[in-house]
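Novice: Note that the protein sequences, when read in sequence, are chains A and B.
Here our numbering is used: the first residue of the first sequence is 2, the next is one more, and so on.
Here our numbering is used: the first residue of the second sequence is 2, the next is one more, and so on.
Number of protein chains: 2
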Amino acid sequence: MYDVIIIGAGAAGLTAAIYTCRKKLKTLIVSIDVGGQTNVTSHIENYPGTGAMHGVELMRRFQDEAVGFGAELIMGKANKVEKIENKFKVFLANGEAYECKGLILAYGKVPKSLGIEGEEKFMGRGVSTCVTCDLPLYKNRDVAVIGGGNSAVEGALESATIAKKVYLVHRRDAFRADEVTVEKLKNNPRIELIFNSVPTKVIGEKNVDGIEVENIITKERKALKVDGIFIEIGYVVDTSFVQHLVKVNEKKEIIVDERGNTSHPGIFACGDITPVPFKQTVIAAGEGAKSALECYRWLTGGKGAVLDWTH
Amino acid sequence: MYDVIIIGAGAAGLTAAIYTCRKKLKTLIVSIDVGGQTNVTSHIENYPGTGAMHGVELMRRFQDEAVGFGAELIMGKANKVEKIENKFKVFLANGEAYECKGLILAYGKVPKSLGIEGEEKFMGRGVSTCVTCDLPLYKNRDVAVIGGGNSAVEGALESATIAKKVYLVHRRDAFRADEVTVEKLKNNPRIELIFNSVPTKVIGEKNVDGIEVENIITKERKALKVDGIFIEIGYVVDTSFVQHLVKVNEKKEIIVDERGNTSHPGIFACGDITPVPFKQTVIAAGEGAKSALECYRWLTGGKGAVLDWTH
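1) Using a beta-carbon distance below 8 Å, is THR16/A in contact with chain B?
2) PRO190/B by DSSP, collapsed to three states: which one?
3) I want to check one thing, is the minimum distance from the CB of HIS265/A to the heavy atoms of the ligand NAP below 7 Å?
4) Spatial neighbours of ILE85/A within its chain, please: CB distance less than 8 Å, with the 5 preceding and 5 following residues excluded, ordered by chain position.
5) Using the Cα positions of ILE30/B and ILE117/B, report the straight-line distance between them to the nearest angstrom.
6) Compare the Cα-Cα distances from SER241/B to each of LYS110/B, SER292/B, GLY156/B and LEU225/B and report the closest residue.
7) Report yes if the CB atom of ALA270/B is closer than 8 Å to the CB atom of THR21/B, and no otherwise.
8) Of the choices VAL243/B, GLY125/B, THR219/B and LYS202/B, whose alpha-carbon is the least far from that of LEU225/B?
9) Just by C-beta distance, which residues in the region 56–74 of chain A are closer than 7 Å to chain B?
10) Please identify the residue among ASN262/B, GLU259/B, ASP258/B and ASP239/B whose C-alpha is closest to the C-alpha of GLU251/B.
11) In the DSSP assignment, the beta strand (DSSP E) including GLU83/B goes from what residue to what residue?
12) For ASP4/B, which residues of its own chain have a beta-carbon under 8 Å away from its beta-carbon, when the five flanking residues on both sides are left out?
13) Could you say which of GLY211/A, ASP210/A, ALA107/A and GLU288/A lies nearest to ILE33/A if we only look at CA atoms?
14) Taking the straight line between their C-alpha atoms, what separation do you get for GLY119/B and GLU206/B?
15) Which of helix, strand or coil does DSSP assign to ARG222/B?
16) The alpha helix (DSSP H) that contains GLU58/A, what's its start and end?
17) Which class does ALA285/B belong to by DSSP, given the choice of helix, strand or coil?
18) What beta strand (DSSP E) runs, 3 residues minimum, are completely inside the region 114–166 of chain B?
19) Quick one: grab the DSSP three-state call for ALA13/B.
20) Within 10 angstroms of the Cβ of MET124/A, are there 16 or more other Cβ atoms? Answer buried if so, exposed if not.
21) Going along the chain, which residues of the region 280–291 of chain A sit with their C-beta nearer than 7 Å to a C-beta in chain C?
22) Specify whether the region 32–51 of chain B and the region 60–68 of chain B touch according to this definition: at least 3 beta carbon pairs, one from each stretch, less than 8 Å apart.
23) Would you call the region 63–76 of chain A in contact with the region 6–22 of chain A, where contact means no fewer than 3 C-beta pairs closer than 8 Å?
24) What does DSSP give as the partner residues of LEU169/A in its beta bridges?
25) So is PRO112/A buried or exposed if we call it buried at 16+ other beta carbons inside 10 Å?
26) Strictly by DSSP, which residues pair up with PHE92/B?
27) Give the single residue among GLU184/A, ARG23/A, GLU221/A and PRO266/A whose Cα lies nearest to the Cα of VAL247/A.
28) Could you tell me whether the region 228–238 of chain B touches the region 121–135 of chain B, using the rule of 3 or more Cβ pairs below 8 Å?
29) Buried or exposed: which applies to PRO200/B, given that a residue is buried once 16 or more other Cβ atoms fall within 10 Å of its Cβ?
30) Please compile the residues from chain A whose C-beta is within a distance smaller than 7 Å of the C-beta of GLY50/B.
31) Does the separation of the CB atoms of VAL214/B and LYS223/B fall below 8 Å?
32) Taking 8 Å as the threshold (beta carbon to beta carbon), is TYR108/A in contact with chain B?
33) Would you kindly check if the distance between the Cβ of ALA157/A and the Cβ of LEU115/A is under 8 Å?
34) CA-CA distance, ASN197/B and GLY211/B?
35) Quick check on the DSSP output: the beta strand (DSSP E) that includes PHE269/B runs from which residue to which?
36) Between which two residues does the beta strand (DSSP E) holding LEU26/B run?
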């Protein structure tokens with residue numbers, strides 16, 4: 002039983018964890034990645050106080066601090082939340098479940114998913130949505146990058162600097178990226194382009210062993226033997242699994258007050274999953290701190306000590 | 002003529018400056034200090050990404066970044082703002098005045114002032130509200146610390162480590178600080194306690210030469226020859242000089258929307274001068290970023306280029 006579960010480990014979620022831990026709340030973070038949207042900024046200059054660095058490095062610092070103050074971090078995709086008496090039960094795609102008294106939703110924009118078998122099961126454990134974050138795991142191994150936009154093309158090029166073999170799986174037969182970049186792609190001997198194809202299944206028992214793809218013209222399916230899969234098909238707000246508990250706006254963003262309270266007592270939200278303007282790391286961090294302190298206030302009834310919510 | 006004037010150089014104001022400068026807005030910061038309330042935290046651990054450090058050091062980093070991106074910084078107390086056609090004119094206590102198209106109010110809680118002659122004139126130039134920030138200027142020189150609370154007592158002890166002579170001027174004849182601390186104070190040969198006394202005038206022409214104090218029992222006045230004066234009598238929200246332009250709440254805090262807009266177009270506010278909950282550095286920084294980006298949006302009519310507001 003945790004005092005607080007935070008779903009999401011971007012700037013908002015990790016800052017919330019720093020604050021809840023410093024209030025001595027037993028805190029669990031559940032996330033499919035560490036760093037969220039900040040990771041995709043290779044040179045972040047406008048987060049005050051740290052100087053310029055890669056977004057991944059900045060988010061590692063946030064993570065180190067949150068974990069240093071006592072937060073537990075579990076990689077996995079939360080896909081169900083139930084209110085049970087005075088507790089919330091958070092279910093992960095792999096079947097695990099955890100309970101808490103206060104819940105902070107901070108998982109921001111999430112990478113669009115393929116919606117195929119095995120994807121959720123291996124999310125954060127072989128299936129990744131962040132090349133820069135997870136590529137070091139695949140030195141001299143084989144990976145597939147899924148997508149045809151700029152981030153997919155650049156992700157494939159980046160992957161080819163470390164991985165042995167890179168499949169780039171694209172549903173069309175051409176890329177929209179600029180010519181220079183596409184030329185680089187075509188001339189790279191480590192990269193194999195799989196055109197007119199969509200993934201149909203992540204293959205594997207304990208680990209990812211490969212990905213099955215279907216040619217959308219011939220309907221032929223084949224398995225690509227890979228150790229890692231990077232999904233690079235864009236981002237979206239997805240609040241579907243919490244909409245039975247909290248109110249959302251027309252963009253499906255979770256409505257919060259100025260302290261991070263949602264419409265449901267004990268559930269708080271912060272960062273890009275809310276209508277907060279200007280998607281910036283320092284803004285998300287500030288909102289994370291508010292949510293955490295409001296969660297603390299709520300859990301302690303304003304009295305500064307965690308109440309026993311079991312009765 | 003500046004695109005933006007930011008009043009205040011705490012976490013909110015400095016972050017706002019980082020953001021306006023990175024949008025290529027010509028930015029002036031006017032402030033009585035650098036660092037604001039963050040300075041008083043000697044060991045700030047919960048600002049994410051930097052590790053623990055003194056608040057003054059963290060705020061110096063913010064300052065270096067803001068100035069590095071092009072912000073100009075002038076020390077001085079803004080005490081009047083006029084709307085003139087499409088511009089705002091900001092007057093300082095020393096008589097200087099600067100014009101801008103957009104105005105960001107970020108001066109937070111301000112140290113309570115003594116309300117005596119010479120105080121505003123020398124604010125930031127011999128009169129200081131932050132011992133830790135400005136003490137290095139007074140190595141082997143003489144200073145007065147005004148106040149009787151914890152921060153005054155600790156400020157006097159800290160001053161005595163660097164200054165040659167320290168007068169602690171207190172309106173009562175005893176301190177509320179704990180006994181151990183008061184003993185240290187009394188046993189320190191560099192510190193002279195001036196009880197039952199209130200300051201009546203800052204003495205000086207170009208620089209601070211001393212402070213005149215009055216014994217409230219005998220009504221006798223005397224001049225203490227000092228080079229620097231630290232006022233340590235608490236903090237307050239003071240929006241008196243902008244209330245003819247912007248709406249304030251019952252606590253005199255400036256009312257803003259979720260993007261930092263005040264009730265007056267072109268005037269924005271952020272940080273502790275607004276009703277933002279939980280006075281935290283990272284929260285103030287986030288609010289500063291919002292105000293700056295909203296100011297940019299307003300100045301450019303949402304088109305991304307600064308409009309000519311002179312017609």
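Where a beta carbon is used, it is the ideal one built from N, C-alpha and C, also for glycine.
Specialist: From the atom records:
1) Yes - at least one Cβ of chain B is within 8 Å of the one on THR16/A.
2) DSSP places PRO190/B in coil when its eight states are reduced to three.
3) In the structure on display, the ligand NAP does not appear, and there are no ligands present to speak of.
4) Same-chain partners within the cutoff: GLU100.
5) ILE30/B and ILE117/B: Cα-Cα distance of roughly 25 Å.
6) Distance check between SER241/B and each of LYS110/B, SER292/B, GLY156/B and LEU225/B places LYS110/B closest, using alpha-carbon atoms only.
7) No, they are not a contact pair.
8) Taking only the C-alpha atoms, the option nearest LEU225/B is LYS202/B.
9) Here the close residues are LEU59, ARG62, PHE63 and GLU66.
10) Minimum Cα-Cα distance from GLU251/B among the listed residues ASN262/B, GLU259/B, ASP258/B and ASP239/B corresponds to ASP239/B.
11) 79–85 is the span of the beta strand (DSSP E), which, as asked, contains GLU83/B.
12) Only THR21, LEU26, LYS27, THR28, CYS101, LYS102, GLY103, LEU300 and VAL307 meet the Cβ criterion.
13) The option with the nearest alpha carbon to ILE33/A is ALA107/A.
14) Take the alpha-carbon of GLY119/B and the one of GLU206/B: they are about 9 Å apart.
15) DSSP, reduced to helix, strand and coil, places ARG222/B within a strand of the structure shown.
16) Run containing GLU58/A: 56–69, per the alpha helix (DSSP H) assignment.
17) Note: ALA285/B maps to helix in three-state DSSP.
18) As for any beta strand (DSSP E) of minimum length 3 sitting wholly inside the region 114–166 of chain B, the runs are 143–147, ordered along the chain.
19) In the structure shown, ALA13/B sits in a helix (DSSP, three-state: H, G or I).
20) Classification of MET124/A: buried, given that the 10 Å Cβ count is 16 or more.
21) The chain labelled as chain C is not found among the protein chains of the depicted structure, namely A and B.
22) Yes, they touch.
23) Verdict: yes, contact present.
24) In the DSSP assignment, LEU169/A is bridged to VAL146/A and LEU194/A.
25) PRO112/A sits buried, since 16 or more C-beta atoms from the chains shown fall within 10 Å of its C-beta.
26) LYS81/B and ALA98/B, per the DSSP bridge assignment.
27) The candidate whose alpha carbon is nearest that of VAL247/A is PRO266/A.
28) Because the criterion of three Cβ pairs below 8 Å is met, the region 228–238 of chain B and the region 121–135 of chain B touch.
29) Buried is the call here.
30) Simply TYR48, GLY50, THR51, LEU59, ARG62 and PHE63.
31) Taking 8 Å as the Cβ cut-off, VAL214/B and LYS223/B qualify as a contacting pair.
32) With its beta carbon at least 8 Å from every one in chain B, TYR108/A lies outside the interface.
33) No.
34) Rounded to whole angstroms, the separation of the alpha carbons of GLY211/B and ASN197/B is 18 Å.
35) Note, PHE269/B: beta strand (DSSP E), 268–270.
36) According to the DSSP assignment, LEU26/B belongs to no beta strand (DSSP E), since it is labelled neither H nor E.
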